[in-house]
Amino acid sequence: MQVKLDTALANALYTAVSTDTGCFRYSNTKDHTFATAAQCAKAGARVYELNQELFETNTLGRLRMQAWIVDHMKMLRGGEMAIVAIPMAVEEEIGVTQDDMDNISSFPRTVAGVCMAATLRETKEGDTKISVRAVPGCDAAAICAKFGGGGHKGAAGASMTCSMDEAVQALKKAIPTLE
-2 MQVKLDTALA NALYTAVSTD TGCFRYSNTK DHTFATAAQC AKAGARVYEL NQELFETNTL
58 GRLRMQAWIV DHMKMLRGGE MAIVAIPMAV EEEIGVTQDD MDNISSFPRT VAGVCMAATL
118 RETKEGDTKI SVRAVPGCDA AAICAKFGGG GHKGAAGASM TCSMDEAVQA LKKAIPTLE
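The sequence shown maps to residues -2 to 176 in the numbering used here.
Next comes the structure, spelled out in structure tokens:
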């Protein structure tokens, strides 16, 4: 782009690159990704502080939601699939903010052995939003496409105009048909 990389731009670009790659953990991380991050560091990006803030700092509300997820997650397919359905009443009871819930759908996928995880959240209208996360070799988009959603193999979503219980049952029926 022929733009000089100053400190402010380096911080913004590093934030974009590191969040898009899950702090360089996702399969979209390539050699160019690391080269871009290195250029940001060389230009003065606050790499340590940004990583700490973005990836290692949680609010108490987020930690409480993660604890609730661990207690209520259902494991399928011998532990390769995790499903968690979060009613709006639980979000209100715990007192989480929208920021606390940002990227919460990735959390169940962090359980050892889980290749694909689905997080369902109830909307104010009583509908259900589904977020699916998957490791390479699994296809989150294929699951969500069955419900009119989209995304890519690693992360996808869909909305369903039904209750969460109905959405969970539909999701369970869709999973075994996918390899």
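We put the beta carbon where it would ideally sit given N, CA and C, even for glycine.
Spatial neighbours of residue 124 in its chain, beta-carbon cut-off 8 Å, leaving aside the 5 residues before and after
156, 157, 158 and 159
Kindly indicate which residue of 145, 134, 135 and 112 has the alpha-carbon position closest to the one of residue 127.
145
Candidates 52, 139, 74 and 140: closest to residue 18 by CA position:
52
Look at residue 7 and residue 37 and say whether their C-beta atoms are less than 7 Å apart.
yes
From 39, 112 and 162, pick the residue whose C-alpha is nearest to that of residue 1; which is it?
39
Give the range of the beta strand (DSSP E) segment to which residue 130 is assigned.
125 to 131
Roughly how many whole angstroms lie between the Cα atoms of residue 135 and residue 113?
7 Å
Mark residue 154 as exposed unless 16 or more other C-beta atoms lie within 10 angstroms of its C-beta, in which case mark it buried.
By the neighbour-count rule (16 or more Cβ atoms within 10 Å), residue 154 is buried.
Residue 161 to residue 85, Cα distance in whole Å?
10 Å
Is there a Cβ of chain C sitting closer than 7 Å to that of residue 14, yes or no?
Protein chain content of the structure displayed is limited to a single chain, and chain C is not contained in it.
Might you give, ordered along the chain, the residues of its own chain that have their beta carbon closer than 6 Å to the beta carbon of residue 93, omitting 5 neighbours on each side?
58 and 62
Can you tell me where the beta strand (DSSP E) with residue 156 in it begins and where it stops?
152 to 157
Exposed or buried, which one is residue 168 when buried takes at least 16 other CB atoms within 10 Å?
Its Cβ being crowded by 16 or more others within 10 Å, residue 168 is buried.
Closest Cα partner of residue 66 within the set 131, 4 and 98:
Among 131, 4 and 98, the Cα nearest to that of residue 66 is on 98.
Report the residue from 106, 87 and 122 whose alpha carbon sits nearest the alpha carbon of residue 73.
106
What does the alpha-carbon distance come out to for the pair residue 117 and residue 80?
Our two residues, residue 117 and residue 80, have alpha carbons roughly 8 Å apart in a direct line.
DSSP on residue 82, reduced to helix/strand/coil?
strand
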